[in-house]
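Everything in the sequence shown is counted per the numbering used here, starting at 3 for the first residue and increasing by one.
Down below is the structure, laid out as structure tokens.
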Amino acid sequence: MLTNFHTHTRRCLHAFGTEEDYVQEAVIKGVKKLGFSDHGPFPDHDFGLRMPFAELNDYLKEIERLKVVYQGKIQLYKGLEIEYHPRYREYYRQLLTEFGLDYLALGEHQFTAKDGTVKNIFFAQSTEDYLEYADAVCEGMRTGYFQFVAHPDLMFLNNLAPDENTLLACERILDCAAETHTVLEYNANGFRRERKCYPEGLRYPYPYAPFWEMVRERKLPVIVGADCHSPQQVCDFTFLDAISRAQETGLYLVNDIFEMTNRD
Ligand SMILES: [Zn+2]
Ligand SMILES: [Zn+2]
Numbered sequence: 003m004l005t006n007f008h009t010h011t012r013r014c015l016h017a018f019g020t021e022e023d024y025v026q027e028a029v030i031k032g033v034k035k036l037g038f039s040d041h042g043p044f045p046d047h048d049f050g051l052r053m054p055f056a057e058l059n060d061y062l063k064e065i066e067r068l069k070v071v072y073q074g075k076i077q078l079y080k081g082l083e084i085e086y087h088p089r090y091r092e093y094y095r096q097l098l099t100e101f102g103l104d105y106l107a108l109g110e111h112q113f114t115a116k117d118g119t120v121k122n123i124f125f126a127q128s129t130e131d132y133l134e135y136a137d138a139v140c141e142g143m144r145t146g147y148f149q150f151v152a153h154p155d156l157m158f159l160n161n162l163a164p165d166e167n168t169l170l171a172c173e174r175i176l177d178c179a180a181e182t183h184t185v186l187e188y189n190a191n192g193f194r195r196e197r198k199c200y201p202e203g204l205r206y207p208y209p210y211a212p213f214w215e216m217v218r219e220r221k222l223p224v225i226v227g228a229d230c231h232s233p234q235q236v237c238d239f240t241f242l243d244a245i246s247r248a249q250e251t252g253l254y255l256v257n258d259i260f261e262m263t264n265r266d
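Have a look at this one:
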């Protein structure tokens, strides 16, 4: 069964298409479950590249409307991809209760470091930052508010040589995912980025093969996410190819982030 729980819309200001454009494409491609996970706003702070807080209600209302219009054709879910920062714990709770979201995906593009500053994992200064990123991701998982971790291996887009910190960061994330029963996402969007020359050789920034080898060894549940930023990417070649690659790696793939059913 084809499913995708990682879908952006034009509301985040760097993706294209309305909610309905994504639903129509998903129906055409035979996707049975589609979860919207646009970049979630924070009420008092704009970290950039995300939907404005003022759009949140319209976004949720529109998905509700589409749920009715496309009933019987596809199952839709209201989610957000959002960073975990400790000071927003109450906000995550509100999103899942008062705002009525079906799920949150932990997309830790930025994280709160130990010294309280906000760091961006796209610009890690050293592999020490990987450890802080891993600790922030783990703290997020332990809140129980996040249904899955989007691109947990995002740190590997940095051009830094692997060392003991990189291994330790992976172990911390995987130990915590096991302990909290959080699904990890094998993110197709990494394959849409350019292959680059890293210290280990030519590769995509992520998914990072050694990380997923460790996931396989631990038999942790994995969902493949399209991370589509345009309607054509809902179920394109890259997404289907990512599913094949995940299968070839021997990952324990699930179809759904709510029930751990084997991918069929
Ligand atoms: Zn993301
Ligand atoms: Zn995303």
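Ideal placement from N, C-alpha and C gives every residue a C-beta, glycine not left out.
In this text, all values refer to a predicted model and were calculated from it rather than measured experimentally.
Status (buried if at least 16 other CB within 10 Å, exposed otherwise) for residue i
i	result
residue 67	exposed
residue 8	buried
residue 13	buried
residue 99	exposed
residue 246	exposed
residue 217	buried
residue 30	exposed
residue 129	buried
residue 47	exposed
residue 1	Look at the range of the chain in this structure, 3 to 266, and you will see that residue 1 is not part of it.
residue 250	exposed
Residue of the options minimising C-alpha distance to residue i
i	options	result
residue 107	143, 123 and 115	143
residue 121	157, 93, 147 and 62	157
residue 105	187, 150 and 130	150
residue 240	96, 192, 260 and 199	192
residue 94	118, 79 and 43	43
residue 182	139, 167 and 126	139
residue 2	222, 220, 189 and 216	The question about residue 2 has no answer, for the chain in this structure spans 3 to 266.
residue 145	132, 85, 133 and 171	85
residue 154	178, 97, 161 and 162	178
residue 73	26, 236 and 231	26
residue 110	219, 186 and 204	186
residue 50	91, 234 and 16	16
residue 214	201, 196, 252 and 229	252
residue 134	147, 172 and 164	172
Cβ-heavy atom distance, residue i to ligand 2, below 8 Å
i	result
residue 39	yes
residue 16	no
residue 87	no
residue 161	no
residue 6	no
residue 191	yes
residue 352	Since the first and last residues shown for the chain are 3 and 266, residue 352 lies out of range.
residue 104	no
residue 177	no
residue 183	no
residue 47	no
Residue i Cβ short of 8 Å to ligand 4 heavy atom set
i	result
residue 155	Among the ligands modelled here, namely ligand 1 and ligand 2, ligand 4 does not occur.
Any residue whose CB is nearer than 6 Å to a heavy atom belonging to ligand 1, listed in chain order: The filter returns 83, 109, 111, 152 and 153, in chain order.
Continuous beta strand (DSSP E) assignments of at least 3 residues falling wholly in the segment 14-99: Taking only runs of at least 3 residues, the beta strand (DSSP E) segments lying wholly in the segment 14-99 are 33-41 and 77-84.
4 or more residues per run - each alpha helix (DSSP H) lying fully within the segment 109-172: The segment 109-172 contains these whole alpha helix (DSSP H) runs: 130-145.
Any alpha helix (DSSP H) of 4 or more consecutive residues that is wholly inside the segment 197-256: Secondary structure within the segment 197-256: the alpha helix (DSSP H) runs of 4 or more consecutive residues, fully enclosed, are 211-220 and 239-251 (chain order).
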